[in-house]
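**Student:**
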Amino acid sequence: MRYTITREQIKELAAQLDPSTRLFTSADGQEYEKLIARWADNAVRQAGVVAVPVAYEEVSKLVKFASDNKLEITVRGGGHSTGGCSSSEGGLVIDLSGMRNVSVDKDSKLITAQGGALWEDVDNAAIEKGLATVGGTVNHTGIGGLTLGGGLGWLTGLYGTVVDNLVSAKVVIANGSLLTASENENTDLFWAIRGAGHNFGVTVEFTLQGHDQTNEVYAGGVVFTPDKLIAIIDTLNAKMKSPDPKAGIILVFASPPTMPGPVVVANVFYNGDQAAAEECFDSLFKLGPVVNTAKMMPYNHVNGLFNAMATHGRRKSIKAITLTDHVDAEFVQELFDNYAQKMKENPDLAMTFMGIEFYDVTKLNSVPIESMAFANRGLYRAGIIGLEWTDAQKDLENRAWGRSIQDKCRQRIIDSNQYSPETTKTALEYANYIEPGDLVDKRPFGINQRRLEILKQKFDPDCLFHKTTPVVPLKN
Ligand SMILES: Cc1cc2nc3c(=O)[nH]c(=O)nc-3n(C[C@H](O)[C@H](O)[C@H](O)COP(=O)(O)OP(=O)(O)OC[C@H]3O[C@@H](n4cnc5c(N)ncnc54)[C@H](O)[C@@H]3O)c2cc1C
Numbered sequence: 001m002r003y004t005i006t007r008e009q010i011k012e013l014a015a016q017l018d019p020s021t022r023l024f025t026s027a028d029g030q031e032y033e034k035l036i037a038r039w040a041d042n043a044v045r046q047a048g049v050v051a052v053p054v055a056y057e058e059v060s061k062l063v064k065f066a067s068d069n070k071l072e073i074t075v076r077g078g079g080h081s082t083g084g085c086s087s088s089e090g091g092l093v094i095d096l097s098g099m100r101n102v103s104v105d106k107d108s109k110l111i112t113a114q115g116g117a118l119w120e121d122v123d124n125a126a127i128e129k130g131l132a133t134v135g136g137t138v139n140h141t142g143i144g145g146l147t148l149g150g151g152l153g154w155l156t157g158l159y160g161t162v163v164d165n166l167v168s169a170k171v172v173i174a175n176g177s178l179l180t181a182s183e184n185e186n187t188d189l190f191w192a193i194r195g196a197g198h199n200f201g202v203t204v205e206f207t208l209q210g211h212d213q214t215n216e217v218y219a220g221g222v223v224f225t226p227d228k229l230i231a232i233i234d235t236l237n238a239k240m241k242s243p244d245p246k247a248g249i250i251l252v253f254a255s256p257p258t259m260p261g262p263v264v265v266a267n268v269f270y271n272g273d274q275a276a277a278e279e280c281f282d283s284l285f286k287l288g289p290v291v292n293t294a295k296m297m298p299y300n301h302v303n304g305l306f307n308a309m310a311t312h313g314r315r316k317s318i319k320a321i322t323l324t325d326h327v328d329a330e331f332v333q334e335l336f337d338n339y340a341q342k343m344k345e346n347p348d349l350a351m352t353f354m355g356i357e358f359y360d361v362t363k364l365n366s367v368p369i370e371s372m373a374f375a376n377r378g379l380y381r382a383g384i385i386g387l388e389w390t391d392a393q394k395d396l397e398n399r400a401w402g403r404s405i406q407d408k409c410r411q412r413i414i415d416s417n418q419y420s421p422e423t424t425k426t427a428l429e430y431a432n433y434i435e436p437g438d439l440v441d442k443r444p445f446g447i448n449q450r451r452l453e454i455l456k457q458k459f460d461p462d463c464l465f466h467k468t469t470p471v472v473p474l475k476n
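The opening residue of the sequence shown carries number 1 in the UniProt record's numbering; numbering runs sequentially from there.
#1: Is the separation between the beta-carbon of Phe281 and that of Val268 shorter than 8 Å?
#2: In this structure, does DSSP put Val212 in helix, strand or coil?
#3: Cβ of Arg76 versus every heavy atom of ligand 1: is any distance shorter than 7 Å?
#4: State yes or no: is the C-beta of Ala320 within less than 8 Å of the C-beta of Ile434?
#5: In this structure, how does DSSP classify residue 479 when only helix, strand and coil are distinguished?
#6: Give a single yes or no on whether Asn267 has its beta carbon closer than 7 Å to a heavy atom of ligand 2.
#7: May I have the straight-line CA-CA distance separating Leu464 from Trp389, to the nearest angstrom?
#8: Report back the beta-carbon spacing between Met296 and Tyr380 to the nearest angstrom; my notes put them in contact at under 8 Å.
#9: Indicate whether the contact test is met: 3 or more Cβ pairs, each with one atom in the stretch 335-352 and one in the stretch 415-433, closer than 8 Å.
#10: Quick check on Ile5: does DSSP put it in helix, strand or coil?
#11: Applying the criterion that 16 or more other CB atoms from any shown protein chain within 10 Å of the CB defines a buried residue, is Gly210 buried or exposed?
#12: Write down every uninterrupted run of the beta strand (DSSP E) in the stretch 40-106 whose length is 3 residues or greater and which is fully enclosed by it, in chain order.
#13: I need the DSSP call for Thr180, collapsed to helix, strand or coil.
#14: For the beta strand (DSSP E) containing Lys295, list its first residue and its last residue.
#15: Would a C-beta distance cut-off of 8 Å place Asn199 and Val440 closer than the cut-off?
#16: Just to confirm before moving on: does the CB-CB distance between Pro298 and Ile127 stay below 8 Å?
#17: Does the Cβ of Leu389 lie closer than 7 Å to at least one heavy atom of ligand 1?
#18: Examine ligand 1 and report whether any of its heavy atoms sits within less than 7 Å of the Cβ of Leu474.
#19: Out of curiosity, what's the CA-to-CA distance linking Glu370 and Ala192?
#20: Between which two residues does the beta strand (DSSP E) harbouring Asn267 extend?
#21: Use the C-beta contact count for Gln213: other C-beta atoms within 10 angstroms, 16 or more gives buried, fewer gives exposed.
#22: Is Thr180 near ligand 1, judged by its Cβ being under 7 Å from some heavy atom?
#23: Cα separation between Val290 and Thr225?
#24: Given a cut-off of 8 Å on the beta-carbon distance, is the pair Gly91 and Ala43 in contact?
#25: Pick out whichever of Gly383, Lys34, Pro19 has its Cα sitting closest to the Cα of His312.
#26: Put Ala321 into one of helix, strand or coil per three-state DSSP.
#27: Just the C-alpha distance for Ala132 and Lys316, rounded to the nearest angstrom, thanks.
#28: Tell me which residue opens and which closes the alpha helix (DSSP H) that Gln30 is part of.
#29: My assumption, with CB atoms under 8 Å, is that Glu120 sits in contact with Asn139. Please give the rounded CB distance.
#30: Tyr359 by DSSP, collapsed to three states: which one?
#31: If we ignore side chains and look at the alpha-carbon of each, how far apart do Met259 and Gly135 end up?
#32: Can you tell me whether Gly153 is buried or exposed? The criterion is at least 16 other CB atoms within 10 Å of its CB, across all chains shown.
#33: Can you find a heavy atom of ligand 1 that lies under 7 Å from the Cβ of Ile318?
#34: Under 8 Å, with one C-beta from each stretch per pair, do the stretch 11-18 and the stretch 55-69 reach the 3-pair mark?
#35: Can you tell me the Cα-Cα spacing of Val332 and Lys408, whole angstroms?
#36: Report whether the distance from the Cβ of Tyr359 to the nearest heavy atom of ligand 1 is below 7 Å.
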């Protein structure tokens, strides 16, 4: 049982903190409202108090106070959880927006970012030194939430997941201790935070491996009418038989207001020069897009390209879907028809999109699944439904539709014998695209579930951190 914070407790807490840590309650009006705002309006909760620390020791004090008083607590990174995981009704929110510094060491190519940094902070600081690392494709997402759940991005084909590039982290665990976790120190904590990190504390600092990125990259949206969908999938399946790790395609169903109906957008990325990129995507371009915005740009601009379709506000929900690596074109056509029908029935959902990610998974799958908590490795294609609407009366209905698509995809893989919830080592749905209440695995961390439960008992037996893909401690 966890409790909301009382006025007396807020005073007691304030007396223990350094003046640099600011506390905000509803009495602070606009400043408080700004701090409880989230990417999705439906994720807003009335926090009892929001603390904005700028020092790691202060985060320790906040966590210890919450542990000692059995308070409801959460951490806010970039604020993109659509399930309200970084919000609290009446509890203590540790808001990391005051901790966004990033430093880059050109010689070691290490990028050290504070726990509240956004991907734009990391991408911009790194590129100044001729470096880049795997990061989120919408650069206003937080590195905190995204890294702790694994992290997929345009550079995944070359370098794997974000956690495959995590060299060390500083974590405040439930008893308030600040620990360094790496391959040499607190190795079991390091194992756990790489994939299930939201369960193990507040990560106040991440050190990521950077990679040389002195060339510009080729990226943009290639828009097709829906009659091209089967041909597009056939083309992508053919490409993925001998994938180029420098390339990535996120295929999106969207309903832009400028188009008469839903369209298919192949968002392309190539880490190389224009000639090589155009050769790589030649078979796709030959299918006759109606619009093609792809062009050369600095790497740090790429993760800003989706920002226009991922703006803050309105009601939202994201849902993980998974397809087999060789994508069944007829099935994807069914998904598109389902999407188009839903958009027609409910125009309030017009900003909703569905995406399927095509990149080379060789590097991602070269890392043994048991080497860290992240369990979304295998011959699958990650996908996402991004629901967006305005009518609060439709929250349940819209989510239920998203879950029905999720379920359809899951059942398809089970029926094709390419996945079994009982025996397959991997987890099917990508943990970072799952919301509380979604229809997913009983073991969201696959083969790694049991070790995580043991480590949860060691580091957080009273489940102080329980918001995102919670792990239940295994009692002795
Ligand atoms: C528009 C959009 C684009 C996305 N693109 C990608 C993508 O390209 N690749 C990908 O892998 N995923 C992507 N995702 C999924 C994304 O990884 C998750 O939504 C992630 O949780 C967002 O992190 P955040 O810090 O912005 O969110 P928050 O809502 O702030 O946090 C999410 C969870 O993480 C916890 N948390 C945040 N920071 C910390 C910290 N420092 N220490 C401890 N706990 C913390 C919060 O308490 C909460 O439980 C995307 C999501 C959205 C909405």
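We treat Cβ as the ideally placed atom computed from N, Cα and C, and that holds for glycine. Fair warning: this is a prediction, and the values are worked out from it, not measured in the lab.
**Tutor:** Here's the rundown:
#1: Yes; because the gap between Cβ atoms is below 8 Å, this pair is in contact.
#2: Rather than Val, the amino acid found at residue 212 in this sequence is Asp. Under the three-state reduction of DSSP, Asp212 is assigned to strand.
#3: When distances are taken from the beta-carbon of Arg76 to the heavy atoms of ligand 1, the shortest one is below 7 Å.
#4: Going by C-beta atoms, Ala320 is nearer than 8 Å to Ile434.
#5: The displayed coordinates of the chain run from 1 to 476. Any statement about residue 479 would go beyond what the structure contains.
#6: By its list of ligands, the structure shown excludes ligand 2, since it contains just ligand 1.
#7: Inter-residue distance for Leu464 and Trp389 is about 32 Å (C-alpha atoms, whole angstroms).
#8: About 31 Å; that fails the 8 Å criterion.
#9: No, because fewer than three Cβ pairs between the stretch 335-352 and the stretch 415-433 fall closer than 8 Å, the two stretches do not touch.
#10: In this structure, Ile5 counts as coil in the three-state DSSP scheme.
#11: The residue is buried, with at least 16 neighbouring Cβ atoms inside 10 Å.
#12: Taken in chain order, the unbroken stretches of beta strand (DSSP E) that lie wholly in the stretch 40-106 and span 3 residues or more are 49-52, 73-76, 92-95, 102-105.
#13: It is a strand residue.
#14: 295-297 is the extent of the beta strand (DSSP E) around Lys295.
#15: With contacts defined by Cβ atoms closer than 8 Å, Asn199 and Val440 do not form a contacting pair.
#16: Yes, they are a contact pair.
#17: This sequence places Trp at residue 389; Leu is not what is there. Result no, Cβ not under 7 Å from ligand 1.
#18: Leu474 Cβ: outside cutoff for every heavy atom of ligand 1.
#19: If you take the alpha carbons of Glu370 and Ala192, they lie about 11 Å apart.
#20: Residues 263-270.
#21: When all chains shown are included, Gln213 counts as buried.
#22: It does not: the Cβ of Thr180 is nowhere closer than 7 Å to a heavy atom of ligand 1.
#23: Taking the straight line from one Cα to the other gives about 7 Å.
#24: The answer is no: Cβ separation not under 8 Å.
#25: Here the closest residue by C-alpha is Lys34.
#26: A quick correction: the sequence has Ile, not Ala, at residue 321. The answer is strand: DSSP assigns Ile321 an E or B state.
#27: Whole-angstrom Cα-Cα distance: 30 Å.
#28: First-last of the alpha helix (DSSP H) with Gln30: 30-36.
#29: Indeed, because the Cβ distance is near 4 Å, the residues count as touching under 8 Å.
#30: In the structure shown, Tyr359 adopts extended strand secondary structure according to DSSP, grouped into three states.
#31: If I take the Cα positions, the gap works out to 30 Å.
#32: Result: buried.
#33: Checking every heavy atom of ligand 1 against the Cβ of Ile318, one is found closer than 7 Å.
#34: A contact exists between the stretch 11-18 and the stretch 55-69.
#35: Their backbone Cα atoms lie some 11 Å apart in a straight line.
#36: No, the Cβ of Tyr359 stays beyond 7 Å of every heavy atom of ligand 1.
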